[in-house]
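Student:
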Amino acid sequence: LERESLALLHRAIDKGVDATVSRIRRKKKVGEWLMEVLPPLRRYVLDQAQKKTGRKIRPRDYPAPFRAIEAVEAAFGKPIAEGLDLEARIVGELVPTQTSKNLIWLFKNQTAMKSSDGGVQATPLRVDRSAVLGAGIMGGGIAQLAADRGIPVRLKDIRYDAILDALRTAREVWDHKLRRRRMTEREAQQKMAFIAPTLDDTGLVHADLVIEAVVENLEVKQKVLAEAERRMESRAVFASNTSSLPIGDIAARALHPERVVGLHFFNPVHRMPLVEVIAGRHTSPQAVATARAFAVRLGKVPVIVKDAPGFLVNRILTLYLNEAMRLLAEGVRIEAIDEAMAAFGMPMGPFALLDQVGLDTAKHVGEVLEAAFGDRIAGDGSLLDVMVSNGRLGQKNGKGFYRYRGDKRTTVDPETYKLLAIPAAKELPAETLQERMVLSMVNEAIVCLEDSVAREPRDIDLAMVMGTGFPPFRGGLLR
Ligand code: NAD
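In the numbering used here, the protein residues as written are 4 to 482.
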């Protein structure tokens, strides 16, 4: 490739760009040729491209794709050199934009996070085989991902139904790739065969890494760890996917607490790029390095965080959700709050997010954090109490702040205002709403740095972008 590229450059210097490019130009496809000779068709295709792109992103936030379409359009019927000139000019205008700088910065740090040792001075254990305990939403997702990367995984649950569901869900992820021709049927079958389901603990002896994703209950998790330790090989690492329990507590009665580590995936596992790696008070550097390296193998961005309540992302997010609920309690409409944050660039507003997470789960996390940090983190918990005690759990039971048709969120449920006895008549500018919610997160991020929950601002920026969808064009919460 290098030799050919150099030959091409020499030719361009000797004979000029036009002559060189026309020589390497491939044959046009029928569609391209038609677009060239039929301006109305071209207009239609480009309009569609604009529209489709516009549905996903806004030119103000991400100008490059729109400018690319502009370059394609402007280059029609022009000599190649003119087209290249125009492209160069557009690139020149795009490179110094804040969006470009932020995205490049994120990309560089994301790559660095994956390729470095993350500051852990230990050699990770080689993971040839893995096991996942608990085949629920998270366990099933983790097993699918391990199998996808060709790592054999023993998947255990105490319920037969859970295993069947997990296998079905894993197959659906591959079927989706199959339909988009990203994979063949044979490959899908091969990957499926990497998951070995079981209702007992046999097979744990072969696993170098056992990941626990059973229900969020300290006693259950300690019991599962004790049973696993009886079977696991002496060097193997035990990772917990807990979202709120201290790793130190889970490992409190372990035979080998140094081999217990936190490996916190986000839901849905195959889509969310972040994994928090948590070192408990006794966790060995090798266990941390093993969990970290495994996350990288699964294609994730690992961020190492301290074993503190809520770890990093859920703790910061709780402050954001609390501020949203405070605004609602003051009488600002849910629609206005959610729209303000969507306009800021979040994938969805805080109330849509609360519904998606589950109002009971959000309430539980809020209580854990309040118990740990007191008033600073206390929200207007009464709103969630009222919602949950009235059977409104969010998307999972089709009743939350919003209404649902099947899985689809429709409109804010007017009943919500009545139930909460909120007049919803206060109006505040979108910028005020954005500042109140975003700065609540910024403040907590600073406390996390002071408490060494995160090691540096860069880790927080990456974690919030990869774990919550904080708008990448902004570069991250602290950036
Ligand atoms: P889930 O209820 O969907 O699945 C839990 C599974 O564990 C069930 O299938 C249950 O039958 C099984 N189980 C219970 N006891 C078991 C045992 N002794 N051995 C084997 N299996 C057992 O729960 P989930 O949402 O997948 O959550 C699992 C863990 O992941 C929890 O600790 C949770 O806090 C954490 N987590 C959840 C999310 C999320 O968004 N759902 C995100 C991050 C972390």
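In this text, a Cβ means the ideal position worked out from N, Cα and C, and glycines have one as well.
Span of the alpha helix (DSSP H) holding Gln-321?
Tutor: As a first step, residue 321 must be located in the sequence shown, where it is residue number 318. Correcting the residue type first, residue 321 is Thr in the shown sequence and not Gln. Unbroken alpha helix (DSSP H) run through Thr-321: 316-332.
Student: Which complete alpha helix (DSSP H) runs does the stretch 69-110 hold, if anything under 4 residues is left out?
Tutor: 83-97
Student: Expressed to the nearest angstrom, what Euclidean distance is found between the alpha-carbon atoms of Ile-83 and Lys-180?
Tutor: Translated into positions along the sequence shown, residue 83 becomes position 80. Translated into positions along the sequence shown, residue 180 becomes position 177. Rounded to whole angstroms, Ile-83 to Lys-180 spans 37 Å at the Cα level.
Student: Report the rounded CA-to-CA distance for Arg-234 versus Asp-160, giving the unit in angstroms.
Tutor: Translated into positions along the sequence shown, residue 234 becomes position 231. Translated into positions along the sequence shown, residue 160 becomes position 157. Distance between the alpha carbons of Arg-234 and Asp-160: 16 Å.
Student: Does at least one heavy atom of the ligand NAD sit under 7 Å from the Cβ of Arg-171?
Tutor: Here the question's residue 171 lines up with position 168 in the sequence shown. For Arg-171, the shortest C-beta to heavy atom distance toward the ligand NAD is 7 Å or greater.
Student: Looking at Val-368 and the ligand NAD, is the gap between the Cβ and the nearest heavy atom below 7 Å?
Tutor: As a first step, residue 368 must be located in the sequence shown, where it is residue number 365. Val-368: no, Cβ never under 7 Å from the ligand NAD.
Student: Report yes if the C-beta distance between Ser-243 and Val-371 is below 8 Å; otherwise report no.
Tutor: As a working mapping, residue 243 is identified with position 240 in the sequence shown. As a working mapping, residue 371 is identified with position 368 in the sequence shown. Going by C-beta atoms, Ser-243 is not nearer than 8 Å to Val-371.
Student: Rounding to the nearest angstrom, what Cα-Cα distance links Asn-220 and Ala-346 in this structure?
Tutor: Position 217 of the sequence shown, counted from the start, is the residue given in the question as residue 220. Position 343 of the sequence shown, counted from the start, is the residue given in the question as residue 346. Cα to Cα, Asn-220 sits roughly 38 Å from Ala-346.
Student: Once the 5 residues before and after Phe-404 are set aside, which same chain residues still bring their CB inside 6 Å of it?
Tutor: As a working note, residue 404 is residue 401 in the sequence shown. Correct list, in chain order: Ile-337, Phe-354, Asp-358 and Thr-419.
Student: Helix, strand or coil for Val-306, going by three-state DSSP, please let me know.
Tutor: Your numbering for residue 306 matches position 303 in the sequence shown. Secondary structure of Val-306 (DSSP, three-state): strand.
Student: How many Å lie between Gly-409 and Gly-401 at the Cα?
Tutor: By one-based count along the sequence shown, residue 409 stands at place 406. By one-based count along the sequence shown, residue 401 stands at place 398. Rounded to the nearest angstrom, the two C-alpha atoms are 7 Å apart.
Student: What is the DSSP secondary structure of Gly-472, counted as helix, strand or coil?
Tutor: Walking along the sequence shown from the start, residue 472 turns up at place 469. Coil, per DSSP.
Student: Which runs of the alpha helix (DSSP H), 4 residues or longer, sit entirely within the stretch 185-241?
Tutor: 188-195 and 221-234
Student: Could you check whether the Cβ of Asn-112 sits closer than 7 Å to any heavy atom belonging to the ligand NAD?
Tutor: Stepping through the sequence shown from its first residue, residue 112 is reached at position 109. Because no heavy atom of the ligand NAD lies under 7 Å away, the Cβ of Asn-112 does not count as near it: no.
Student: Can you tell me which of the three DSSP states Glu-430 falls into?
Tutor: For the purposes of this step, residue 430 is identified with residue 427 of the sequence shown, where counting begins at 1. In the structure shown, Glu-430 sits in coil (DSSP, three-state: anything other than H, G, I, E or B).
Student: Please tell me whether Gly-137 and Glu-215 are closer than 8 Å, where the distance is taken between their beta carbons.
Tutor: What you label residue 137 is simply residue 134 of the sequence shown in a count that begins at 1. What you label residue 215 is simply residue 212 of the sequence shown in a count that begins at 1. Result yes, Cβ atoms of Gly-137 and Glu-215 sit closer than 8 Å.
Student: What are the boundary residues of the alpha helix (DSSP H) that includes Phe-268?
Tutor: Here residue 268 corresponds to residue number 265 of the sequence shown, with the count starting at 1. Not the alpha helix (DSSP H): Phe-268 falls in the beta strand (DSSP E), residues 263-268.
Student: Measure the C-alpha to C-alpha separation of Ile-340 and Asn-325 and round it to an integer number of angstroms.
Tutor: Position 337 of the sequence shown holds residue 340. Position 322 of the sequence shown holds residue 325. Between Ile-340 and Asn-325, the C-alpha separation is close to 12 Å.
Student: For Val-468, which residues in the same chain have their Cβ closer than 7 Å to its Cβ, ignoring the five residues on either side in sequence?
Tutor: One-based indexing of the sequence shown puts residue 468 at position 465. Excluding residues within five positions, the ones whose Cβ falls inside 7 Å are Leu-109, Pro-475 and Gly-479.
Student: Taking 7 Å as the limit between beta carbons, can you name the residues of its chain near Val-299, skipping five residues before and five after?
Tutor: Taking the first residue of the sequence shown as position 1, residue 299 is located at position 296. Here the set comprises Lys-117 and Pro-305.
Student: Quick check on the burial criterion: 16 or more other C-beta atoms within 10 angstroms. Buried or exposed for Gly-397?
Tutor: In the sequence shown, residue 397 corresponds to position 394, counting from 1. Label assigned to Gly-397: buried.
Student: Look up Lys-366 in the DSSP assignment and say whether it is helix, strand or coil.
Tutor: For the purposes of this step, residue 366 is taken as residue 363 along the sequence shown, with counting starting at 1. Lys-366 falls in the helix class under three-state DSSP.
Student: Apart from the five residues on each side of it in sequence, which residues of its chain come closer than 6 Å, Cβ to Cβ, to Gly-544?
Tutor: Within the shown structure, residues of the chain are numbered from 4 to 482, placing residue 544 beyond reach of any answer.
Student: Would you list, in sequence order, the uninterrupted alpha helix (DSSP H) runs of no fewer than 4 residues that lie entirely inside the stretch 369-441?
Tutor: 385-392 and 417-423
Student: Measuring straight from C-alpha to C-alpha, what distance separates Thr-414 and Val-213?
Tutor: On the sequence shown, position 411 is the one that residue 414 refers to. On the sequence shown, position 210 is the one that residue 213 refers to. Distance between the alpha carbons of Thr-414 and Val-213 is about 42 Å.
Student: Between Leu-423, Met-344, Cys-451 and Leu-356, which lies nearest to Thr-435 when the distance is taken from Cα to Cα?
Tutor: By 1-based counting over the sequence shown, the position of residue 435 is 432. Per the Cα distances, Met-344.
Student: Among His-273, Leu-320, Glu-430 and Tyr-323, which one has its Cα closest to the Cα of Lys-303?
Tutor: Here residue 303 refers to the residue found at position 300 of the sequence shown. Here the closest residue by C-alpha is His-273.
Student: From Tyr-407 to Arg-189, what does the alpha carbon distance come to, in whole angstroms?
Tutor: Position 404 of the sequence shown holds residue 407. Position 186 of the sequence shown holds residue 189. Cα to Cα, Tyr-407 sits roughly 38 Å from Arg-189.
Student: Tell me Val-278's beta-bridge partners as DSSP assigns them.
Tutor: Here residue 278 refers to the residue found at position 275 of the sequence shown. Per DSSP, Phe-268 and Pro-305.
Student: Could you tell me the distance, in whole angstroms, from the CA atom of Glu-73 to the CA atom of Leu-423?
Tutor: Here residue 73 is taken as the residue at index 70 of the sequence shown, counted from 1. Here residue 423 is taken as the residue at index 420 of the sequence shown, counted from 1. For Glu-73 and Leu-423, the distance between alpha carbons rounds to 49 Å.
Student: Between the beta-carbon of Ile-154 and the beta-carbon of Val-130, is there less than 8 Å?
Tutor: The sequence position of residue 154 within the sequence shown is 151, counting from 1. The sequence position of residue 130 within the sequence shown is 127, counting from 1. Against a cut-off of 8 Å, the Cβ pair of Val-130 and Ile-154 comes out as a contact.
Student: For the alpha helix (DSSP H) that contains Ala-343, what are its first and last residues?
Tutor: Locating residue 343 in the sequence shown gives position 340, where the first residue counts as 1. Looking at the DSSP string, the run of the alpha helix (DSSP H) that includes Ala-343 is 337-347.
Student: Name, in chain order, the residues that DSSP records as bridge partners for Arg-157.
Tutor: Position 154 of the sequence shown, counted from the start, is the residue given in the question as residue 157. Ala-134 and Ala-199, per the DSSP bridge assignment.
Student: Short check: CB of Ala-229 to CB of Arg-256, under 8 Å?
Tutor: For the purposes of this step, residue 229 is taken as residue 226 along the sequence shown, with counting starting at 1. For the purposes of this step, residue 256 is taken as residue 253 along the sequence shown, with counting starting at 1. Going by C-beta atoms, Ala-229 is nearer than 8 Å to Arg-256.
Student: When we look at the beta-carbon of Ser-443 and count the other beta-carbons within 10 Å, is it buried (16 or more) or exposed?
Tutor: By one-based count along the sequence shown, residue 443 stands at place 440. The residue in question, Ser-443, is buried, as its Cβ has 16 or more Cβ neighbours within 10 Å.
Student: Going by other Cβ atoms of all chains shown within 10 Å of its Cβ, with 16 needed for buried, is Ser-119 buried or exposed?
Tutor: Mapped onto the sequence shown, residue 119 falls at position 116. Exposed, by the Cβ-count rule.
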